[in-house]
Structures are given as C-alpha cells and as structure tokens.
C-alpha cells in the first residue's frame with residue numbers, strides 16, 4: 003500500500019520546527035537552518051543539488067529513504083515561497099531555481115488559484131484551493147501507486163495527522179535551541195491520534211524518530 | 003565554582019516531562035515512567051537502590067555524573083509526595099522509604115511550613131516556604147562548596163532558569179510519545195535566557211542534551 007508520509011522534518015531540542023521571523027532570507031526562521039544541517043551534509047542531498055561527495059551513515063540512510071518511492075508531494079504555500087495573498091503575477095516559481103529537487107507533481111496548498119507551473123526535471127507545481135483532502139486525492143491520482151510526501155511548513159504538516167491522512171512521520175531532532183517559533187507537538191496529541199514510535203536512531207548530528215500509526 | 007544544576011530530566015519526543023493525571027500510582031503521570039527507563043537500567047541507579055548489576059555506557063555515564071559532587075538538593079513539593087495543601091500530619095515521608103537516595107540535605111519547596119525530617123543515610127528534608135531564592139541560599143549554606151541539584155517537577159524546574167539560578171541542565175529525550183502533560187519548553191525561552199547546547203550524546207535508549215549558560 004502506498005503511504006502518505008512526512009520525512010526529514012527537523013525540530014530543535016525545544017520542539018520548534020522553525021524559528022521566529024521567517025523571511026525570504028530565513029525561510030526556516032532565525033536559526034532554523036541548523037535544523038537541517040544533518041541533511042545538507044548527506045550524499046543524497048548533495049546529489050540532488052548536483053554536487054559530489056557528502057556523508058554516509060545514519061543521516062544519509064534517513065535522507066535517502068525520505069526521497070525513495072515518492073510519486074507526488076504536497077506542500078504548504080509558505081514552503082513554496084514568501085508571497086502572501088493573491089498571486090500578483092506568476093514570477094515567483096519556488097525557492098529552488100529552474101530544476102527543483104522534487105521531480106514529481108507537487109501540490110501546493112493555497113487559498114488562491116493559479117495555473118499549473120511546469121519546471122525542468124519533471125517537477126510540476128499544481129495549486130490546490132480545496133484543502134488537504136482534495137490535495138491527497140489529486141496527489142494519489144498522480145502518484146502512480148507510489149508514496150505521497152507531505153512537506154512543510156509546520157502548520158501544513160499539523161493538519162494531516164488530525165484528519166488521519168498521514169501514515170508515517172520521520173522527525174530529526176537537532177541538538178540546538180531555537181527558543182521560540184513554531185512548535186509541532188504543542189497543538190497535536192499524536193498519542194491520542196494513534197501514533198507510536200517504532201523506530202529511532204541517532205547520529206552525532208541528529209536523533210531520528212519515526213512515528214507511525216502501524217507501529 | 004559550585005554549580006546549580008538540573009540532571010537526569012527525562013522528556014518525551016513530544017516535549018513532555020510528565021504525562022497527564024499524575025497520581026500516587028503514577029508520579030510521572032500516565033506513561034511518564036518510560037521517560038526514565040534509560041536511567042532505571044543503569045548501574046548507578048541500581049546501586050543507589052541496593053542492587054547489583056545495571057548497564058554501563060552513555061546512559062550510565064550521564065546518570066553517574068548526575069549524582070557526582072552534589073552537596074544539597076532542591077525539589078518541588080510534588081516530587082516529595084502527593085499531599086496537597088497544609089500538612090495534616092507528618093506521616094508522609096517521601097516516595098523513597100526509610101533511606102532515600104539523596105544522602106544530602108533536601109530542600110522541599112512548599113507553601114506550608116513543616117519541621118525538618120531526618121531520614122536514614124544522611125538525608126534530611128527541609129521545608130522551604132520563602133521561594134526558590136531562599137532555597138538556593140539555604141542549600142548553598144549546607145552544600146559545603148559542592149553542587150546543588152534541582153529536582154522536579156517541571157513547574158519547579160521552570161522557575162529556576164527564569165531567575166538565572168541554574169547553570170546547567172541535562173535533559174534526556176526518550177523515544178516515546180506522551181501526547182499531553184507538562185511541557186518544559188513551552189513556557190520558557192532557554193535561548194533568550196542565554197543557554198546553549200554545548201554537549202550531546204545518544205544511546206539506544208535516550209538522547210542526552212546538556213544546556214549551559216557557559217556553553
């Protein structure tokens with residue numbers, strides 16, 4: 003059965019998935035980039051961005067798995083870009099340049115309709131205005147039996163477990179404090195929603211936690 | 003310089019230091035005991051409770067360090083026992099039997115005065131009604147130049163960094179979900195208070211995090 007999953011979701015020791023003051027310069031908020039240092043260093047991340055080298059081991063294993071067998075993505079509008087409100091024009095095409103690292107259809111949750119946007123490398127952004135249930139249905143139709151990966155931000159990710167639409171979450175706790183920002187667990191009781199923690203492993207850079215409803 | 007420190011402070015993946023519904027049967031709330039499974043297994047813990055054996059390695063190293071060079075303890079009333087309001091009599095003498103594992107003076111923060119209580123093994127409970135500053139001063143006077151360790155519960159621990167009275171915190175994140183309960187970080191911005199994370203290490207059972215103002 004294909005899964006709907008969150009992966010490579012960085013949180014700080016104090017539970018924040020992004021720092022305060024998210025901006026064009028700091029899409030993960032002040033200090034938030036440190037939540038993904040473990041990921042940036044890996045071989046898979048480096049290859050996705052056209053580079054050689056990168057680390058192997060536990061961090062690489064989890065990052066490689068995060069990109070395996072993905073047939074479609076669903077992301078929040080803020081993960082697509084900093085534009086708020088109606089799309090004034092079509093000039094913003096994501097944070098990732100001409101060839102985004104998705105290589106699948108990407109469903110962007112938004113309140114504002116926009117025509118699909120096809121990029122190089124098989125990435126097409128579709129803008130979904132009918133909510134997460136509709137996004138999952140459309141992603142499933144495009145995913146060809148593969149898994150659907152849910153991207154950030156936190157407010158987007160939090161909507162899914164509440165509605166039973168996520169099978170698995172991979173979180174990576176980095177040994178940093180953010181102090182304030184967006185807290186993933188403060189508004190969602192994952193235990194009550196049926197999730198358990200069947201798998202965990204630590205590298206020197208992150209503690210990887212897998213939450214699953216089938217764990 | 004002697005330090006004032008928190009150690010062996012268990013939190014769940016979702017940030018809770020105790021589960022909901024704390025009671026005589028579940029002093030750490032429902033599911034909360036799992037936050038200290040890593041500690042109960044260690045050689046130091048087993049020896050403190052008169053047993054042979056126990057694990058060695060990262061968990062043992064952190065637990066042994068938690069008990070090293072402690073000259074006095076400060077704990078919250080709920081860590082001392084489940085009695086609320088005025089002390090009706092002196093029959094409650096702590097969770098730990100005749101020979102508590104402290105072997106130092108223990109200052110219990112409470113709103114209700116009570117005479118000191120001397121137990122076997124050099125543990126004396128003093129009941130402090132004038133707040134944490136007074137508790138630290140009295141503990142310092144008794145500690146003979148050694149460190150002061152702050153025990154739980156969470157509400158007690160949270161008071162100290164806010165007032166600049168903690169030098170170091172050792173947290174241990176266990177790979178479990180509690181879903182709800184008392185969250186340590188939700189009401190205290192450790193970054194803003196000047197703490198950093200200079201040390202971390204993981205065993206298969208817990209991720210140990212040291213926060214320090216000198217890190």
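Residue numbers (the numbering used here), protein chains in the order written: chain A, 3 to 217; chain B, 3 to 217. Positions of the beta carbon are idealized from the N, C-alpha and C atoms, including for glycine.
Length of the line joining the Cα atoms of residue i and residue j
i	j	result
residue 15 of chain B	residue 95 of chain A	35 Å
residue 161 of chain B	residue 195 of chain B	12 Å
residue 6 of chain B	residue 171 of chain B	9 Å
residue 182 of chain A	residue 165 of chain A	26 Å
residue 90 of chain A	residue 205 of chain B	51 Å
residue 203 of chain A	residue 75 of chain A	25 Å
residue 71 of chain B	residue 178 of chain A	27 Å
residue 105 of chain B	residue 3 of chain B	21 Å
residue 1 of chain A	residue 158 of chain A	No answer is possible for residue 1 of chain A: it lies beyond the span of chain A, which begins at 3 and ends at 217.
residue 114 of chain A	residue 180 of chain A	32 Å
residue 27 of chain B	residue 40 of chain B	20 Å
residue 137 of chain A	residue 201 of chain A	28 Å
residue 73 of chain A	residue 127 of chain A	13 Å
residue 153 of chain B	residue 169 of chain A	38 Å
residue 52 of chain A	residue 100 of chain A	13 Å
residue 117 of chain B	residue 215 of chain A	51 Å
residue 34 of chain B	residue 129 of chain A	43 Å
residue 59 of chain A	residue 173 of chain B	25 Å
residue 61 of chain A	residue 10 of chain B	26 Å
residue 23 of chain B	residue 37 of chain B	15 Å
residue 77 of chain B	residue 199 of chain A	31 Å
residue 86 of chain A	residue 133 of chain A	17 Å
residue 54 of chain B	residue 140 of chain A	60 Å
residue 103 of chain A	residue 190 of chain A	29 Å
residue 25 of chain B	residue 184 of chain B	14 Å
residue 149 of chain B	residue 83 of chain B	24 Å
residue 151 of chain A	residue 98 of chain B	49 Å
residue 119 of chain B	residue 88 of chain B	16 Å
residue 50 of chain A	residue 63 of chain A	15 Å
residue 207 of chain B	residue 197 of chain B	25 Å
residue 46 of chain B	residue 122 of chain B	19 Å
residue 2 of chain B	residue 108 of chain B	The structure shown has nothing for residue 2 of chain B, since chain B only spans 3 to 217.
residue 217 of chain B	residue 110 of chain B	Caution is warranted here: a pLDDT of 49 is assigned to residue 217 of chain B, below 50, making its placement in the model unreliable, and the coordinate value is therefore given only provisionally. Each residue's alpha carbon lies about 29 Å from the other.
residue 143 of chain B	residue 135 of chain B	13 Å
residue 163 of chain B	residue 211 of chain B	16 Å
residue 32 of chain B	residue 48 of chain A	43 Å
Contact under 8 Å by Cβ, residue i with residue j
i	j	result
residue 66 of chain B	residue 57 of chain B	no
residue 17 of chain B	residue 30 of chain B	no
residue 131 of chain B	residue 175 of chain A	no
residue 19 of chain B	residue 186 of chain B	yes
residue 192 of chain B	residue 213 of chain B	yes
residue 81 of chain B	residue 147 of chain B	no
residue 79 of chain A	residue 112 of chain A	yes
residue 188 of chain B	residue 93 of chain A	no
Reduced DSSP category for residue i - H, G, I as helix; E, B as strand; rest coil
i	result
residue 200 of chain A	strand
residue 189 of chain A	helix
residue 165 of chain B	coil
residue 217 of chain B	Confidence is the limiting factor: at residue 217 of chain B the pLDDT is only 49, short of 50, which leaves the residue's position unreliable, though a coordinate-based value still follows. Coil at residue 217 of chain B, not helix or strand.
| query | Hey, which unbroken runs of the alpha helix (DSSP H) at 4 residues or more fall wholly within the stretch 6 to 82 of chain A? | reply | 39 to 42, 45 to 50, 60 to 69, 79 to 82
| Sequence ranges, beta strand (DSSP E) only - wholly within the stretch 81 to 158 of chain A, length at least 3 | 107 to 111, 126 to 130, 149 to 152
| Listed in chain order, which residues of the stretch 163 to 185 of chain B have Cβ atoms closer than 8 Å to some Cβ of chain A? | 173, 175, 177, 178, 179, 180, 181, 182, 185
| task | Taking only beta carbons into account, state which residues of the stretch 107 to 120 of chain A come closer than 9 Å to chain B, listed in chain order. | result | none
| task | Please list the residues of the stretch 34 to 52 of chain A that have a C-beta atom closer than 9 Å to any C-beta atom in chain B, keeping them in chain order. | result | none
| request: Pull out every residue of the stretch 15 to 29 of chain A whose Cβ sits closer than 7 Å to any Cβ of chain B, in chain order. | output: 15, 16, 17
| task | Could you please tell me which residues of the stretch 59 to 90 of chain A, in chain order, have their CB closer than 7 Å to any CB of chain B? | result | none
| request: For the stretch 145 to 163 of chain B, enumerate the residues whose C-beta is nearer than 9 Å to any C-beta of chain A, in chain order. | output: none
| If you measure beta-carbon to beta-carbon, which residues of the stretch 123 to 137 of chain A are closer than 8 Å to chain B? | none
| field | Short-range partners of chain A found in the stretch 184 to 198 of chain B, where Cβ spacing is below 9 Å | value | 185, 186, 187, 188, 190, 191, 192, 193, 194, 195, 197, 198
| task | Note down, in chain order, all residues in the stretch 89 to 104 of chain A with a beta-carbon under 8 Å from any beta-carbon belonging to chain B. | result | none
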